[in-house]
Each structure stands twice: as structure tokens, then as C-alpha cells.
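Step one of this worksheet: look at the structure below.
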Amino acid sequence: MSAIAEFHVFPASQLENLMAAAEPQTRIRTQKWLFFRWKVKETADQYHEFLHTQGQAQKAFKYSGYVFNELQFILEDQQIHLFKGLDLEPSASLSKQRGGTELVLSFEETQALLTCLKPIKISDARIRQELEETYEANEISAGIKAVKGAFAILKEWLATVKKDQIGLLSIG
110 MSAIAEFHVF PASQLENLMA AAEPQTRIRT QKWLFFRWKV KETADQYHEF
160 LHTQGQAQKA FKYSGYVFNE LQFILEDQQI HLFKGLDLEP SASLSKQRGG
210 TELVLSFEET QALLTCLKPI KISDARIRQE LEETYEANEI SAGIKAVKGA
260 FAILKEWLAT VKKDQIGLLS IG
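Numbering (this note's numbering), first residue to last: 110 to 281.
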């Protein structure tokens, strides 16, 4: 099983529009054929279109997005909680509406996180220790590469958020 991890940057003024786009729109229309009529419920989801037209998609992450969970466990050793904002608005609403992980980060939050992440070095041994709890032995070396890739791209993504912008980390 796999998940896609993406990062988009938006003007901070687009937050309300992002929230609105996250809610699928449902409408009921009447269908007719000869003398018969029935109601049809249609749902339009504009979220991904909004992400790609209004946001700036950042470099793609080539591994499963679930690797960010492993990275989070490793970062907790350093008292860094990557997903601590998930239970706060607007991330909590977005995550609930979309059924995945949707972490909204302000410029100030990205800078604070970057400041914490820059001095950290994650050893292969520490990653191996984390992965051995849940992965098969033959998956460990690929997992180490994936976690290191997640750590590198996370820092790269966070650095793209400028003043008056927000970053959106989507995993799902």
C-alpha cells in the first residue's frame, strides 16, 4: 500500500479558497426519459484542480508518503513534532474533509521548523532501528533511502515558502 506526498505553496490570501475547494460540492438534478423522472445526486470535487491551478507544486517525492510517518518517529527523538499542527485549524478541517493528512504551514511555522531541522543529522543506524520494528529485513535498505529522501525533500519544500505564503503538505 502506498500514499502520495505532495507539497504546494499558495499565497496566504488563498487559504479561504483552499478550504472551500476541499469540500466536495453535491447537487441533485432531475433526469428525464419519456414519462419517467428521477433524481440523480452528483458530486464535484475541485480540490486537486485547485491545488494544481492556484498552488505551486513543488518537487515530487518519489517514495511512498507513509515514509513521513517513520521520519516523524525519528524526529521525535530530537523533540521535533512534524505533525503537531494536524489537530489545529485549518489542518484539522482539511484532513477530515479530505480523509488524509493535510498540514497547512504558515511562513513563520516553516521557518521555525527549518531552524529545528537544519542541524539534525539522521544516521542509517537510527533509521534502521526504527524500520526494523515494522519492515521486513529485505525492505530495510530501501526504507533507509526513502527516509533520508523524505528528510531532504521536507527541508527543500519548507524553504520554498516565502513571506505572505502558506505551504500545504498532503499525504494520502
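Note that beta-carbon positions come from the ideal geometry of N, C-alpha and C, so glycine has one too.
When the Cα atoms are used, G174 and A112 turn out to be separated by approximately 5 Å. Take the alpha-carbon of D154 and the one of M128: they are about 12 Å apart. With fewer than three CB-CB distances shorter than 8 Å, the region 218 to 230 does not count as touching the region 246 to 255. Classified as buried, H117 has 16 or more neighbouring CB atoms from the shown chains inside 10 Å of its CB.
In this structure, G281 and G208 form a Cβ contact; the two beta carbons are roughly 7 Å apart against a cut-off of 8 Å. Cβ-Cβ separation between L277 and V213: approximately 6 Å, consistent with a contact (criterion under 8 Å). The three-state reading of DSSP puts A255 in helix, counting H, G and I together.
DSSP places Q155 outside both helix and strand once states are collapsed to three, so it counts as coil. Listed as beta-bridge partners of F119 by DSSP are I275. Taking the Cβ atoms as the reference, T210 lies roughly 16 Å from L267, outside the contact range of under 8 Å.
When DSSP states are grouped into helix, strand and coil, F145 belongs to the strand group.
Per the Cβ contact rule, the region 178 to 195 is not in contact with the region 138 to 156 (fewer than 3 Cβ pairs under 8 Å). Measuring C-alpha to C-alpha distances from S204 to each of P120, E132, Q123, A121 identifies E132 as the nearest. The alpha-carbon separation between I189 and T162 amounts to approximately 32 Å. For the options A221, L180, E245, the alpha carbon positioned closest to that of I262 is the one of L180.
In the structure shown, S215 adopts extended strand secondary structure according to DSSP, grouped into three states. A straight line joining the alpha-carbon of D186 with that of A234 spans about 14 Å. Taken in chain order, the whole alpha helix (DSSP H) runs of length 4 or more contained in the region 162 to 241 are 176 to 185, 200 to 207, 216 to 226, 233 to 240.
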